[in-house]
Each structure stands twice: as C-alpha cells, then as structure tokens.
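K.L.:
My questions all concern the structure below.
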Amino acid sequence: YAGNNAPAITHYRTAIAYAEELGDEALQAAAHQELAHIAATNLDTQNAIGHYEMCDTLFANTGQSFCQWVTKGNMAYAYLCGQQYPAALPLAEETYTYMKTQNHHRYGVFFYAFSAATLAETHYYLNHIEQAERVANEALGLEDEFYSPMAQYVLAYILRDRQQFDLALDYCQQAI
C-alpha cells in the first residue's frame, strides 16, 4: 500500500510459489488477488484480469462462492477503470444481481454498494443514462460511506449532462 510495487509483486509471487507447494489454493487465490489489485491500480487491465480470472478459478475450486463474486466485482471494476465498458457490463450486472441477495452477509451491504456503484458508472459510460441513474440512486440508498461518493459522482455527471448544474454541484460536494 506504500507504493513499493516491485518488492510487493516479488513477495506475492513468492507466496504463490509456496502456496502451490503446499497445495493451498485459497492462499494462492489471496496472493493473485493482491497482484490483481496492484495491476488494476496501475491501469494494467489485462494483467489484472489474468490474476482475477485465476482467483475466480481457485475460489471456485475451494468452494468460496462469495469470494468468487467479490473477485468478479473487482474484475468488472478493473475493466471499468481500463475503459473497457462493454467487457465490464456483464460482470457488473451479474455481480450486482448476486450481491443484492447478500445483504445478510457480514460484508454484503459493502459489496452490494460497490457492485451497484460499479454498474451505475458502467451504464453511464455506455450512455445507458436511465439505468445508471436508477442503480446510482439504489447505491446511495445503501448509505455505504465508501461507495456512496462513487454513486454521487455518477449522479453529478448525469445532472451535469442535463445542465442541472446546481444539483450536480450538490452531489459533487456531498461526494467530497
């Protein structure tokens, strides 16, 4: 998290090698997930997707379905950040649908808000404005302190496009 990516990548690759020797797919998945996050943060979308796909497979092998869906949501977000909106949309929709049923899960609302905000932003960039607005409002209703600003950002863009600048400014200020 300090930005020392090269040593972190080396350590995660070493962790994967050890986890492979131990036959521990859950540990392999965790290390791949961190490598994916590093790649996504640096807008290396293809590398991130490769690691997320590996996580998806490993979590499936270990029966960790919730972790699999979190990975799919992260993959959708990586596509979104890489401006690959058509690739992001089906993953974002599937993850949103799944997470909507997981409110009872300890992290369910957090990942539901994340998937709703990701889907809203993806719809916005694909010019599906009505869908973007509906899902962004749903994400706001979840009152998640981390992902509400992402939904407010989407709504601010929609209102800006409609030339409702005062309302757009309000959403921007709320997001900040």
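With our numbering applied, the sequence shown corresponds to residues 1174 to 1349, in that order. Glycine included, each C-beta is placed from N, C-alpha and C at the ideal position.
1. Between residue 1224 and the rest of its own chain, which residues show a CB-CB distance below 6 Å, the 5 nearest in sequence each way excluded?
2. By the DSSP assignment, the alpha helix (DSSP H) with residue 1178 in it spans what residues?
3. Alpha carbon to alpha carbon, how far is residue 1222 from residue 1235?
4. Can you have a look at residue 1151 and say buried or exposed, based on whether 16 or more other CB atoms are within 10 angstroms of its CB?
5. Give the single residue among 1280, 1328, 1317, 1283 whose Cα lies nearest to the Cα of residue 1302.
6. Could you have a look at residue 1245 and say whether DSSP puts it in helix, strand or coil?
7. Quick one: what does DSSP say residue 1335 is sitting in, helix, strand or coil?
P.N.:
According to the structure shown:
1. 1205, 1208, 1209
2. 1178-1195
3. 20 Å
4. Nothing about residue 1151 can be read from this structure; the chain reaches only from 1174 to 1349.
5. Out of 1280, 1328, 1317, 1283, 1328 has the C-alpha closest to the C-alpha of residue 1302.
6. helix
7. In the structure shown, residue 1335 adopts coil according to DSSP, grouped into three states.
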